[in-house]
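The opening position of the sequence shown corresponds to residue 521 in the numbering used here, with each subsequent residue numbered one higher. Glycine included, every Cβ here is placed at the ideal spot set by N, Cα and C. A quick write-up on the structure given underneath.
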Amino acid sequence: MASFNKVILMGNLTRDPELRYTPGGSAVANFGLAVNRKYKQDDELKEDTCFVDIAVFGRQAETCSEYLNKGSLVLIDGRLNYRKWETEDGQTRNKLDVVANNVQFMPKGLGASGAPSGQKGRPPEDKSPDVPF
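Here it is in structure tokens:
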């Protein structure tokens with residue numbers, strides 16, 4: 521049976537990326553992402569935040585570590601990753617996180633909708649007189 525594992529998230533970093541290197545020399549960056557959701561319940565507007573741990577590998581990990589910091593808005597394209605391990609005292613632990621295939625840096629000043637503040641998803645109007653059409 522076929523499987524499909526794809527995640528697309530847009531949110532803000534909850535901490536600066538932490539860059540490490542594997543024994544083989546590959547770069548790995550880890551950071552947290554906060555993804556907000558607004559919804560209406562009984563005529564009341566509510567907000568819910570989902571916190572997701574992200575792992576990025578290779579040159580993209582180094583780039584994330586260099587240019588991103590806490591609060592940066594990013595668009596993540598990746599896959600879910602399930603890890604299971606046993607602690608030193610014998611307890612079983614598990615964790616679900618996202619391994620990013622692509623991290624798109626979003627311009628500063630964009631709201632959670634991806635639109636510039638004050639604009640409801642419409643592209644900015646060009647009001648310069650130099651436009652010939």
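Coil, strand or helix - residue i by DSSP
i      : result
Thr542 : coil
Ile574 : strand
Ala554 : strand
Glu606 : strand
Thr534 : coil
Alpha-carbon spacing of residue i relative to residue j, whole angstroms
i      : j      : result
Gly598 : Lys558 : 23 Å
Val594 : Arg535 : 13 Å
Gly683 : Lys628 : The question about residue 683 has no answer here: the residues shown for the chain are numbered 521 through 653.
Gly610 : Arg603 : 16 Å
Asn546 : Glu608 : The question names Asn, yet the displayed sequence has Ser at residue 546. Cα-Cα distance, rounded: 27 Å.
Leu600 : Val527 : 7 Å
Ala581 : Leu588 : 10 Å
Asn622 : Lys566 : 30 Å
Val548 : Ala522 : 29 Å
Asn614 : Ala575 : 16 Å
Leu529 : Ser585 : 19 Å
Met626 : Leu616 : 25 Å
Lys640 : Gly531 : Caution applies to Lys640, whose pLDDT of 42 falls short of 50 and renders its modelled position unreliable; the model cannot decide the point.
Bridge partner(s) assigned by DSSP for residue i
i      : result
Gln624 : Leu595
Leu486 : Here the chain has residues from 521 to 653 only, and residue 486 is not among them.
Ala549 : Leu539 and Val576
Leu529 : Ile596
Asn614 : Lys604
Should the stretch 571 to 580 be regarded as contacting the stretch 544 to 553, the criterion being three or more beta carbon pairs within less than 8 Å?
Segments in contact, yes.
Query raised in the report: Between the stretch 559 to 567 and the stretch 529 to 545, are three or more C-beta pairs nearer than 8 Å?
Result: Three or more Cβ pairs closer than 8 Å define a contact, and the stretch 559 to 567 falls short of that threshold against the stretch 529 to 545.
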